[in-house]
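Residue numbers (UniProt numbering): 1 to 445.
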Amino acid sequence: MTQGENAPASRVLLKDVRPYGEGEPVDLLVADGRIAEIGAGPDVEVDEVVHGEGAVLLPGFVDLHTHLREPGREDAETVESGAVAAALGGYTAVFAMANTDPVADNAVVVEHVWRRGRELGLVDVHPVGAVTVGLRGTQLAELGTMARSAARVRVFSDDGHCVDDPLVMRRALEYTSAFGGVVAQHAEDPRLTVRAQAHEGANAARLGLTGWPAPAEESIVARDCMLAAHTAGALHVCHASSSGTADFLRWWKAGDHAGTVSAEVTPHHLLLTDELLAGYDPVHKVNPPLRTDDDVHALRGALAEGTLDCVATDHAPHAEQDKDCEWSAARPGMLGLQTALGVVLRTMVEPGLLDWRGLARVMSERPARIAGLTDQGRPVAEGEPANLVLVDDEHRWTVRAAELASIATNTPYEGMELPGRVRATLSHGRLTVRDGVVAREGAGH
Ligand code: DOR
């Protein structure tokens with residue numbers, strides 16, 4: 001049963017919308033959770049009309065990498081506040097990372113997160129299961145039990161920590177391949193990043209910060225590709241951050257290897273560099289760290305050509321006391337759900353690296369396929385599930401942390417003007433965002 005299935009069915013007419021930003025505006029009728037008709041006449045009977053005024057209609061975004069902080073750190077984010085932020089950001093499915101407290105390494109925790117998402121009915125919340133017990137990297141968690149639970153977990157990750165023991169990683173790839181699971185690796189050799197605070201390079205040296213060298217990521221990515229091939233498992237590389245990772249993945253994907261390898265890049269690694277660290281503002285502290293201009297351009301190119309499959313936010317809310325402190329004590333991570341679209345438009349679409357179809361590919365279709373979702377990331381076409389986002393492409397807005405839906409405020413984009421506004425989001429045929437405001441009535445069941 002999919003989320004929101006028991007909620008009242010509604011008929012919504014999206015007037016004057018442009019699927020994939022192409023052609024003349026059309027009317028699109030949504031009924032019973034699906035796209036019923038494209039080019040529907042003006043006199044169909046509906047419950048709601050959304051005036052698109054030529055806005056761009058895309059499949060709803062899918063985020064493979066979201067930290068919702070529930071259970072344990074509800075002072076930073078809850079499933080509810082994160083789901084609102086996701087809907088406002090144009091997302092119709094998010095994958096909630098396992099580094100909660102307690103850790104999502106068992107059926108009880110993943111079912112709690114999953115149920116909370118269903119109750120809210122704003123976005124499909126898919127819990128990610130931990131690979132190892134307590135994220136400690138030594139003993140495999142109850143992967144099969146989580147997969148068989150009501151949450152039907154398919155993506156497993158110790159994100160925040162690397163599964164650095166190659167034997168544990170091998171076993172995780174073997175085990176999850178038996179039921180079509182994916183291991184999402186936070187690639188960071190911990191021996192190379194002891195006390196690391198910033199990308200290892202000239203800026204870190206100047207600022208007196210211990211370096212996080214790119215090979216700490218690249219060596220784990222290379223090792224894990226080989227393990228994925230050896231086990232015929234499915235590896236997903238979290239937050240690729242260096243040009244070396246992009247180069248390796250390009251070379252690897254050009255070869256004829258068993259197994260499956262996919263990779264994500266975050267919006268912040270597509271836009272921001274370690275030059276921002278000069279002010280020592282911990283809002284710029286993130287793991288993996290912001291790197292150089294060359295890395296940013298390599299990542300953009302790799303995303304455009306498909307070497308990197310998708311964009312994932314790594315939305316990482318942190319409470320004020322964990323961010324508003326000295327650099328070395330601050331937690332790494334930044335908000336991302338409500339700014340991802342704007343950053344991807346600015347870094348990929350405005351420079352001509354991706355068109356709207358390309359944006360749909362990297363923010364919706366590829367992530368949905370990587371996670372094995374069948375009702376997300378589908379084409380905007382008659383008969384398809386109505387998980388959709390309507391983007392006002394002419395609108396520009398200024399990021400204000402206080403106006404974002406997250407409980408935490410750690411956005412690195414404060415005061416920045418970004419293109420593109422989410423005018424409406426539809427989850428399983430129901431409006432979750434209307435006129436840029438979250439629509440709660442009718443949500444949940
Ligand atoms: O910056 C990060 N924050 N990177 C991670 O891998 C974990 C995340 C978090 O949980 O805050």
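We treat Cβ as the ideally placed atom computed from N, Cα and C, and that holds for glycine.
Worksheet entry | Thr210 versus Arg171 - alpha carbon distance | As a working mapping, residue 210 is identified with position 210 in the sequence shown. As a working mapping, residue 171 is identified with position 171 in the sequence shown. Straight through space, the alpha carbons of Arg171 and Thr210 are spaced by roughly 33 Å.
Discussion item. Taking 7 Å as the cut-off, is the beta-carbon of Val286 closer than that to any non-hydrogen atom of the ligand DOR?
Written reply: In the sequence shown, the residue the question calls residue 286 occupies position 286. Indeed, a heavy atom of the ligand DOR lies less than 7 Å from the Cβ.
Worksheet entry | Among Arg331, Leu173, Val46, Pro412, the one whose alpha carbon lies nearest that of Ala229 | Taking the sequence shown and counting its residues from 1, one reaches residue 229 at position 229. It is Leu173.
Worksheet item: Taking 7 Å as the cut-off, does the CB of Asn99 come closer than this to any heavy atom belonging to the ligand DOR?
Response: Numbered from its first residue, the sequence shown carries residue 99 at position 99. It does: the Cβ of Asn99 is within 7 Å (strictly closer) of some heavy atom of the ligand DOR.
Worksheet item: Can you round the beta-carbon distance between Ala147 and Trp114 to whole angstroms, since I take them to be within the 8 Å contact cut?
Response: Here residue 147 corresponds to residue number 147 of the sequence shown, with the count starting at 1. Here residue 114 corresponds to residue number 114 of the sequence shown, with the count starting at 1. No, Ala147 and Trp114 are not in contact; Cβ-Cβ is about 13 Å, not under 8 Å.
Worksheet item: Roughly how many angstroms lie between the CA atoms of Asp392 and Val183, to the nearest whole one?
Response: The sequence position of residue 392 within the sequence shown is 392, counting from 1. The sequence position of residue 183 within the sequence shown is 183, counting from 1. Near 35 Å, if we compare the C-alpha coordinates of Val183 and Asp392.
Practice prompt. State the Cα-Cα distance for the pair Asp435 and Pro332, rounded to the nearest angstrom.
Written response: As a first step, residue 435 is located in the sequence shown; it is residue number 435 there, counting from the start. As a first step, residue 332 is located in the sequence shown; it is residue number 332 there, counting from the start. Across the structure, Asp435 and Pro332 are spaced so that their CA atoms are roughly 33 Å apart.
Worksheet item: In angstroms, rounded to a whole number, what distance separates the CA positions of His112 and Tyr91?
Response: If you number the sequence shown from 1, residue 112 lands on position 112. If you number the sequence shown from 1, residue 91 lands on position 91. Those two C-alpha atoms are separated by around 21 Å.
Discussion item. If you reduce the DSSP assignment to three classes, tell me which class Ile407 lands in.
Written reply: Here residue 407 is taken as the residue at index 407 of the sequence shown, counted from 1. In this structure, Ile407 counts as coil in the three-state DSSP scheme.
Discussion item. Tell me whether Asp256, by its Cβ, gets closer than 7 Å to a heavy atom of the ligand SAM.
Written reply: In the structure on display, the ligand SAM does not appear, and the ligands it does have are the ligand DOR.
Fill in: Run of the alpha helix (DSSP H) containing Lys323, from where it starts to where it stops
For the purposes of this step, residue 323 is identified with residue 323 of the sequence shown, where counting begins at 1. Per DSSP, the continuous alpha helix (DSSP H) segment holding Lys323 begins and ends at 320 to 323.
Discussion item. Please report the straight-line C-alpha distance between Ala222 and Leu192, rounded to a whole angstrom.
Written reply: Locating residue 222 in the sequence shown gives position 222, counting from the first residue. Locating residue 192 in the sequence shown gives position 192, counting from the first residue. Between Ala222 and Leu192, the alpha-carbon positions lie close to 15 Å from each other.
Discussion item. Can you determine whether any heavy atom of the ligand DOR sits closer than 7 Å to the C-beta of Asp159, and answer yes or no?
Written reply: The count along the sequence shown starts at 1 and reaches residue 159 at position 159. Flag set: Cβ of Asp159 near the ligand DOR.
Discussion item. For the ligand DOR, is there any heavy atom lying closer than 7 Å to the beta carbon of Ala316?
Written reply: The residue you call residue 316 lines up with position 316 of the sequence shown. Within the cutoff, so yes.
Worksheet item: Short check: CB of Asp189 to CB of Ile220, under 8 Å?
Response: Residue mapping note: residue 189 aligns to position 189 of the sequence shown, counting from 1. Residue mapping note: residue 220 aligns to position 220 of the sequence shown, counting from 1. Taking a C-beta distance under 8 Å as the contact criterion, Asp189 and Ile220 qualify as a contact pair.
Worksheet item: Cβ of Pro59 within 8 Å of Cβ of Gly420?
Response: For the purposes of this step, residue 59 is identified with residue 59 of the sequence shown, where counting begins at 1. For the purposes of this step, residue 420 is identified with residue 420 of the sequence shown, where counting begins at 1. In this structure, Gly420 does not lie closer than 8 Å to Pro59 by Cβ.
Item to complete: Would you check if there are 3 or more beta carbon pairs closer than 8 Å linking the stretch 351 to 363 to the stretch 74 to 81?
Response: Touching, no.
Worksheet item: Apart from the five residues on each side of it in sequence, which residues of its chain come closer than 6 Å, Cβ to Cβ, to Leu341?
Response: By one-based count along the sequence shown, residue 341 stands at place 341. Excluding positions up to five away in sequence, the list reads Gly90, Gly420.
Practice prompt. Assign Phe179 to one of three DSSP states: helix, strand, or coil.
Written response: Here residue 179 corresponds to residue number 179 of the sequence shown, with the count starting at 1. Here Phe179 sits in coil by DSSP.
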